[in-house]
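Residue numbers (our numbering): 5 to 128.
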């Protein structure tokens, strides 16, 4: 019994450490910004806008959720028309990359997508 419990406990600890590590990390590193406090405020505002959009769009069918999220998040933007245009361009880029990487899964898919995004010109 103890022999089967040790690997299970090890796997549980490993999974827990991934969760703790993921919570500690941030998408934006404001420590290197010119004004870290303003950076933190912008990051928090973006997080709040995303949470509100997710709340509004959660009842939509899955096919409509992405468009709903774009619309809701762009509603708070300084220039909503430009935001919508960028969202449309990003969706086109994503569709192009997914078409190129079609049939791949897991780590191979992620690597393919990274490589394909690097090949694309930056958005203007």
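Where is the CB? At the ideal position from N, CA and C, for every residue including glycine.
_Beta-carbon proximity list for residue 81, same chain, < 8 Å, skipping 5 on both sides_ = Excluding sequence neighbours, residue 81 sits near 87.
*On a CA-only basis, which of 73, 40 and 37 is nearest residue 52? Give me that one, please.*
The option with the nearest alpha carbon to residue 52 is 73.
*Which residues in the same chain as residue 91 place their Cβ atom closer than 7 Å to its Cβ, once the five residues preceding and following it in sequence are excluded?*
Excluding sequence neighbours, residue 91 sits near 74 and 78.
*Nearest-angstrom Cα separation, counted from residue 104 out to residue 129*: Shown here, the chain extends from 5 to 128; a query on residue 129 therefore has no answer.
*What residue range is occupied by the uninterrupted alpha helix (DSSP H) comprising residue 80?*
Run containing residue 80: none; DSSP gives neither H nor E here.
*Rounded C-beta distance between residue 47 and residue 32? I'm assuming under 8 Å.*
Contact between residue 47 and residue 32 is confirmed by a C-beta separation of about 5 Å, below the 8 Å threshold.
_residue 127 beta carbon less than 8 Å from that of residue 106_ = In this structure, residue 127 does not lie closer than 8 Å to residue 106 by Cβ.
*Could you name each continuous beta strand (DSSP E) segment of 3 residues or more that falls completely within the segment 55-122, going from the start of the chain to the end?*
Listed in chain order, there is nothing to give.
_Taking the beta carbon of residue 95 as the centre, do at least 16 other beta carbons fall within 10 Å, making it buried, or is it exposed?_
Label assigned to residue 95: exposed.
*Any idea what DSSP makes of residue 50, helix, strand or coil?*
Helix, per DSSP.
*Would residue 111 be called buried (16 or more neighbouring beta carbons within 10 Å of its own) or exposed?*
Exposed, by the Cβ-count rule.
*Taking all protein chains shown into account, decide if residue 67 is buried (16 or more other Cβ within 10 angstroms of its Cβ) or exposed.*
The residue is exposed, with fewer than 16 neighbouring Cβ atoms inside 10 Å.
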